[in-house]
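Structure first, then comments.
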Amino acid sequence: MPRVAVVGNLSRDRVDGGAPRPGGCAFFAVEALRRVGRAGQIATRHAHADDAIFGPALAAVVQPITLLPADATSGFALDYSGEDRAMTVTEIGPIWQPADAAVLKPSVEWVHVAPLLRSDFPAETLAALAAGGRKVSVDGQGLVRVPQVGPMLENGDYDPAVLRHITVLKLAENEAEVIAAPRTFDAEVAFGLGVPEVLLTLGSRGSIVYADGVETAVSAARPVLGVQTTGAGDVFMVSYIVARSDGGDPVAAAASASRIVAEMLEDRLQTQT
Numbered sequence: 030m031p032r033v034a035v036v037g038n039l040s041r042d043r044v045d046g047g048a049p050r051p052g053g054c055a056f057f058a059v060e061a062l063r064r065v066g067r068a069g070q071i072a073t074r075h076a077h078a079d080d081a082i083f084g085p086a087l088a089a090v091v092q093p094i095t096l097l098p099a100d101a102t103s104g105f106a107l108d109y110s111g112e113d114r115a116m117t118v119t120e121i122g123p124i125w126q127p128a129d130a131a132v133l134k135p136s137v138e139w140v141h142v143a144p145l146l147r148s149d150f151p152a153e154t155l156a157a158l159a160a161g162g163r164k165v166s167v168d169g170q171g172l173v174r175v176p177q178v179g180p181m182l183e184n185g186d187y188d189p190a191v192l193r194h195i196t197v198l199k200l201a202e203n204e205a206e207v208i209a210a211p212r213t214f215d216a217e218v219a220f221g222l223g224v225p226e227v228l229l230t231l232g233s234r235g236s237i238v239y240a241d242g243v244e245t246a247v248s249a250a251r252p253v254l255g256v257q258t259t260g261a262g263d264v265f266m267v268s269y270i271v272a273r274s275d276g277g278d279p280v281a282a283a284a285s286a287s288r289i290v291a292e293m294l295e296d297r298l299q300t301q302t
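If you read the sequence shown in the working numbering, its first letter stands for residue 30, the second for the next number, and so on.
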């Protein structure tokens with residue numbers, strides 16, 4: 030039975046002006062779980078109108094998938110320039126409710142929550158996901174991304190109550206800057222959030238782990254440049270919680286996750302070339 034679960038909306042992505050494609054952590058989690066060789070539960074949702082986009086991809090998944098109903102599908106346009114990305118919100122996805130936590134299998138000990146916008150997972154829903162002693166990790170984009178159609182807006186007006194229910198918080202550099210503003214994000218800010226484990230991801234430069242009162246830099250396993258990186262952060266976090274559920278400490282888990290991401294990007298680069 031799975032010890033880890035990934036919960037979050039699927040997204041309808043247009044990358045560099047291309048055709049709509051599946052996106053969201055729930056989609057990329059499949060790749061992460063395959064690479065680490067673990068079973069995991071995936072709970073997700075998209076609108077019935079987008080079955081043609083998501084149906085074939087979900088049908089090929091061997092992991093247990095719980096597909097919940099939705100009246101909308103999260104949508105984004107993503108335009109890349111190297112490791113930099115400009116995003117536009119094209120549709121706002123559904124809000125998860127506390128009752129949705131009932132879909133988690135009894136064996137689940139770790140839950141990675143993957144909000145695409147701040148509205149996806151309110152504090153009361155995170156509390157329900159953490160009930161019974163489950164450990165919850167959250168992607169920090171769910172703290173800073175404003176749920177508004179148009180060019181992606183970010184600010185620090187999140188509900189601090191969400192942090193009470195989190196064991197692990199992952200922040201990309203831009204998200205950390207928003208949360209720390211007007212200060213610079215540093216160890217004092219990280220530990221001041223009150224979350225036991227904070228991960229600051231730095232792309233090809235690796236990551237920084239803030240845990241047990243210690244700041245530890247973790248080098249990227251192998252920087253992979255010149256490749257489109259959509260989903261890399263999702264694969265990192267799913268790999269991280271699998272390693273933590275296996276008993277690895279935070280630093281070892283981050284190093285393991287970095288290796289998985291490098292392998293994925295190398296394979297993607299081979300496909301592109």
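By construction, the Cβ of each residue, glycine as well, lies at the ideal position given by its N, Cα and C atoms.
Euclidean distance between Cα positions of residue 201 and residue 229: As a position in the sequence shown, residue 201 is number 172, starting the count at 1. As a position in the sequence shown, residue 229 is number 200, starting the count at 1. Distance between residue 201 and residue 229, taken at the CA atoms: about 6 Å.
Cβ pair count under 8 Å reaching 3, the region 64 to 73 against the region 93 to 104: Result yes; three or more Cβ-Cβ pairs closer than 8 Å.
Beta carbon of residue 152 nearer than 9 Å to that of residue 188: Taking the sequence shown and counting its residues from 1, one reaches residue 152 at position 123. Taking the sequence shown and counting its residues from 1, one reaches residue 188 at position 159. Yes, the pair counts as a contact, with Cβ atoms nearer than the cut-off.
Close-in-space but distant-in-sequence residues of the same chain around residue 216 (CB under 8 Å, 5 per side omitted): Along the sequence shown, read from residue 1 onward, the residue named residue 216 stands at position 187. Excluding positions up to five away in sequence, the list reads 239 and 244.
Inter-stretch contact (C-beta, 8 Å, three-pair minimum) for the region 100 to 119 and the region 159 to 168: The region 100 to 119 vs the region 159 to 168: no contact.
Between the CA atoms of residue 268 and residue 274 - distance to the nearest angstrom: In the sequence shown, residue 274 corresponds to position 245, counting from 1. In the sequence shown, residue 268 corresponds to position 239, counting from 1. Cα to Cα, residue 274 sits roughly 10 Å from residue 268.
Residues near residue 224 by beta carbon distance below 8 Å, same chain, minus five either side: Residue numbering aside, residue 224 sits at position 195 when the sequence shown is read from its first letter. 192, 195, 196, 197 and 198.
Per-residue burial, residue 147 [other beta carbons within 10 Å of its own, 16 or more giving buried]: Within the sequence shown, residue 147 is the residue found at index 118, counting from 1. Within 10 angstroms of the beta-carbon of residue 147 lie 16 or more other beta-carbons, which makes it buried.
Where residue 121 falls: helix, strand or coil (DSSP): To locate residue 121, count along the sequence shown from 1; it is residue 92. Residue 121 falls in the coil class under three-state DSSP.
Where residue 270 sits in the DSSP three-state scheme: Reading the sequence shown from its first residue, position 241 is the one you call residue 270. In the three-state scheme derived from DSSP, where H, G and I count as helix and E and B as strand, residue 270 is classed as helix.
CB of residue 180 within 9 Å of CB of residue 121, strictly: Here residue 180 refers to the residue found at position 151 when the sequence shown is read from its first residue. Here residue 121 refers to the residue found at position 92 when the sequence shown is read from its first residue. No.
Where residue 204 falls, given that 16 or more other Cβ within 10 Å makes a residue buried: Locating residue 204 in the sequence shown gives position 175, where the first residue counts as 1. So residue 204 ends up on the buried side.
6 Å Cβ shell around residue 291 - same chain, five flanking residues per side excluded: The residue given as residue 291 occupies position 262 in the sequence shown. Within the same chain, residue 291 has close Cβ partners 250, 251 and 253.
For residue 272 and residue 286, the rounded distance between their alpha carbons: As a first step, residue 286 must be located in the sequence shown, where it is residue number 257. As a first step, residue 272 must be located in the sequence shown, where it is residue number 243. Roughly 8 Å between the two C-alpha positions.
Residue closest to residue 293, alpha-carbon to alpha-carbon, out of 248, 157, 214 and 262: On the sequence shown, position 264 is the one that residue 293 refers to. Answer by Cα proximity: 262.
Completely contained alpha helix (DSSP H) runs for the region 195 to 220, where each covers 4 or more residues: Runs of the alpha helix (DSSP H) inside the region 195 to 220: 202 to 209.
Start-to-end residues for the alpha helix (DSSP H) that takes in residue 155: Within the sequence shown, residue 155 is the residue found at index 126, counting from 1. 152 to 159 is the span of the alpha helix (DSSP H), which, as asked, contains residue 155.
Same chain, Cβ closer than 7 Å to residue 32, neighbours up to 5 away in sequence not counted: On the sequence shown, residue 32 is found 3 positions in, with the first residue counted as 1. Excluding positions up to five away in sequence, the list reads 136, 137, 138, 139 and 274.
Residue 208 versus 184, 144 and 257, residue with shortest Cα-Cα distance: Position 179 of the sequence shown holds residue 208. Answer by Cα proximity: 184.
Inter-residue Cα distance where the pair is residue 212 and residue 232: Taking the sequence shown and counting its residues from 1, one reaches residue 212 at position 183. Taking the sequence shown and counting its residues from 1, one reaches residue 232 at position 203. Going from the Cα of residue 212 to the Cα of residue 232 covers about 22 Å.
Residue 138, DSSP secondary structure in three states: The residue labelled residue 138 in the question sits at position 109 within the sequence shown. Coil.
Cβ-based neighbour list, residue 157, same chain, cut-off 6 Å, excluding 5 preceding and 5 following: For the purposes of this step, residue 157 is identified with residue 128 of the sequence shown, where counting begins at 1. For residue 157, where only same-chain residues beyond five positions count, the Cβ hits under 6 Å are 127 and 130.
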